[in-house]
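First residue of the sequence shown? That's 5 in the numbering used here, and the numbers climb one at a time after it.
Just so it is clear, CB atoms sit at the ideal spot from N, CA and C, and this is done for glycine as well.
Please read these numbers as outputs of a predicted model, since none were measured by experiment.
Contents: one structure, followed by commentary.
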Amino acid sequence: MRPIDPALQTAAWALIHFLWQGCLIWLATILALQMARSSSPQLRYLISCAGLALCLLLPLGTYVHLRPRVLRQAGELAFQMSEPEKSSKAEGPLSLGIERAVELPQRASFLVEDNLPLLFRGWLFGCLLLALRFGGGWLYLLRVRRVATEASRELQERFDHTAKRLGFSSSIRLVLSSQINTPMVVGWLWPTLLVPVGLLANMDPVGLEALLVHELAHIRRHDYLVNVVQCVVEILLFYHPAVWWISRRVRTERELCCDDAAVEWCQDPLLYAETLTRLHELRSETLSPALAAGGGDLMFRIKRLLIPTLKPSSIPVRLNLLAMACSLLLVLGVGMSLNAMQPRSVEQGKWFLAGSDRKGYAISVDAKTIHDGKPSQMLSCAMKDPAGFGTIMQEVVPSDYLGKRVRMSAWVKTANVTGWAGLWMRVDGAEKATLAFDNMGQRPIKGTTDWTRFEVVLDVAENAKNLAFGLLLDGPGQAWLSDLQFEIVEANVAVTNTAGGPSSSLPPGMNAEQWSLSGSHPGDYQISLDPTTLRDGKPAHLLASKIDGAKGFGTLSQMFKGKAYLGKRVRLSAWVKSENVEGWAGVWLRVDGPDGKSTAFDNMHDRLIKGSLDWNRYQVVLDMAPDSTALALGILLAGNGKVWMEEPLLEVVDASVPVTDMKLAPRN
């Protein structure tokens, strides 16, 4: 079955979560009503309305909460560059974390996930049927109002007089109809009161006036509008019995409030009770969503008028089956939700191949190499001497992990790895700037190893936009991956924020000790290796103004041929810290052509580093033409201040990473 749109998928899961959320609302409403049994009907009405409002608002809040998770799944597909071989079914969807729960909720979760489109279509069909019923009743009432006859002048004037005594400033239209058997209000802004013709001849004038006061109370309370909202909630959440129970309670308490207004008017409860009894003999069920005097539990209303001490029961006898059903839904829902706190597995079918030499590697699902009874993902080198590394990877939106420390762990097995392999995770900010990165470069996996659990731990910044992760292989050999999981850890778990490879993170031809000072006014600036400012325990390179009022700019730079990057897209990233930068600073990268002129250049002039900032990872991305002769890079400072740079990394990226020198970006 094909997956549905992410927005509809989010809505479907919000509706499913309401199964247990509605049970909690139902229980809370019952408890509140039980405590308010001796209070006025108005208080119980407000409690019931609050419960019904929660039934509408909670699924909306759940939709907002789940939306980033579902978009994360959709985002993974958007980053796919090659479709891997289909794997066996994942243990559970990443978006909901349904894993390692009790067996019944787990099976229910998988069943729901497999049939989500079908369930959503069933919900739409149910909503359509109820909406047609609601619309049919509404159209029927409009037709009844259109063919109804105007009340006599004497009756209208009497009705207007009553309305004015109740505080109405404008006249309310009173019409007579032979197609209805009970008084009812139609409309909100310009309400019309429909009265059955038979009532005029069969009702005591005082009793009839009390019924009209009942309907005027509905108008004064804006109950018609509230009832329309009720009908909308009943249509959208028709599948939950708690919604119907709470909605029915709203109607009951509403009628009691209007009954009290009618009794207060006529000052004769017995007469009004007799009037309701006669109305019960004449009325019939209507198709409309209108507010009628015969609404709610009519027999209880009559008994309440005769026995003022009678209080409504919040838990009728027929509620036993509803209680049992809601309890079951509550257990299943809580089991599914608590399960989301467990470490989250990644969907096996979302992996794709990337890397600096993607053509030199292959990925597949290896059914013969089993771990914990499941096939594993395999990454293998497809040639004797690859030009770079390959990686099996995924990318997601890290909405669940913003501002938290995250540990990614997985089981890894290797065979004949002559270069190195390692798990990796990268946290990206705006414009793909790297905020944190670890590829196990300082603790590489080599040779042939059995299944071993490895991990990387990074801090995900509040402004993180993307989380990339996977398993890389640099050079000949094979590596297998199984059961990759994410979990949030405490601050006492150390981060593993290191990058590079077994030998060096610097590209061929680049030397960590051979930085030079240049720029338009190099005499106003100085460079050094600062042992007092450390990054991951290593001293950082410092570029600082030497005099007050430094002119032009100075730069800490290197230049080399960069043959390994010819014809490729290159990303330079580095950790940078600044202090009192009055002008601006920026990481820069320049590509020189055969004539010595620049063919691509970016110095972050459109995204300046200014003031005092803690360590952040910045990047520039450029295309290096096949006939390029040199690469120059470094960090520059214009004006007074200090900047430190550490761990510069130059790497090849694919076409999905946009260049930052937009004026030289290729145009389609």
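Burial is judged here by how many other beta carbons sit within 10 angstroms of a residue's own beta carbon; S660 has fewer than 16 and is exposed. An exposed status is given to A11, since fewer than 16 other beta-carbon atoms sit within 10 Å of its beta-carbon. Sequence-distant Cβ neighbours of L612 in its own chain, meaning closer than 7 angstroms and more than five residues away, are W588, G590.
The shortest C-alpha to C-alpha distance from D404 to any of L58, Q38, L70 is the one to L70. Per DSSP, reduced to three states, the secondary structure at Q13 is helical.
Excluding residues up to 5 positions away in sequence, S549, D552, G553, A554, N584, V585, E586, G587 lie with their Cβ nearer than 8 angstroms to the Cβ of N644 in the same chain.
If you look at W588, you'll find it in the beta strand (DSSP E) that goes 573-596. Distance from the Cα of D487 is smallest, within the candidate group I374, P543, S561, for I374. Contact check between the stretch 481-500 and the stretch 408-423: three or more CB pairs, one atom from each, fall below 8 angstroms, which counts as touching. Counted as a single uninterrupted DSSP element, the stretch harbouring W192 is not any alpha helix (DSSP H), since DSSP gives it neither H nor E. The beta carbon of A266 is closer than 8 angstroms to those of A214, L215, V217, H218, A221, Y276 in its chain, skipping five residues each way along the sequence. Within a 10 Å sphere around the beta-carbon of E494 sit fewer than 16 other beta-carbons, which makes this residue exposed. One thing to note: D665 has its Cβ no nearer than 9 angstroms to the Cβ of S632.
If you ignore the 5 residues before and after R411, its C-beta comes within less than 6 angstroms of the C-beta of E459, V461, E491, V493, all in its own chain and listed in chain order. Taking the Cα of G359 as reference, the smallest distance to any Cα among A386, K378, G392, L383 is reached at G392. For I311, the number of other beta carbons within 10 angstroms of its own is below 16, and it is reported as exposed. Proximity of the stretch 387-402 to the stretch 469-483 meets the contact definition, three or more beta-carbon pairs being nearer than 8 angstroms. Judged by their CB atoms, Y49 and V254 are nearer to each other than the 9 angstroms cut-off. Residue range 120-151 is occupied by the alpha helix (DSSP H) that includes F138. Beta-bridge partners of Y243 (DSSP): none assigned. In the three-state reduction of the DSSP assignment, N620 falls in the strand class. In the DSSP assignment, M429 is bridged to D442, F473. Cβ contact annotation for P652 (same chain, cutoff 6 angstroms, sequence separation greater than five): A578, in chain order. Secondary structure note for V210: its alpha helix (DSSP H) is the uninterrupted segment 209-224. Across the set H525, I184, W519, the C-alpha of W519 shows the shortest separation from the C-alpha of S532.
Look at N607 here: in three-state DSSP terms it is coil, with no helix or strand label. The stretch 185-203 and the stretch 126-141 do not touch, with fewer than 3 CB-CB distances between them shorter than 8 angstroms. The C-alpha of Q46 is placed about 29 angstroms away from the C-alpha of R137. Under the three-pair Cβ rule at 8 angstroms, the stretch 444-453 does not count as touching the stretch 379-387. By the CB criterion at 9 angstroms, R621 and T500 fall outside the cutoff. Judged by DSSP in its simplified three-state form, M628 adopts coil rather than helix or strand. Counting only residues of its own chain and dropping the five nearest sequence neighbours on each side, I306 has a CB closer than 7 angstroms to the CB of A277, L280, T281. Only buried fits P200, as 16 or more other CB atoms lie within 10 angstroms of its CB. Residues G513, T633, A634, L635 of the same chain have their beta carbon placed closer than 8 angstroms to that of K565, with the five preceding and five following residues left out of the count.
Cβ-Cβ distances below 8 angstroms link L146 to V190 in the same chain, with the five nearest sequence neighbours on each side left out; the list follows chain order. Annotation for A371: the continuous beta strand (DSSP E) segment containing it runs 365-375.
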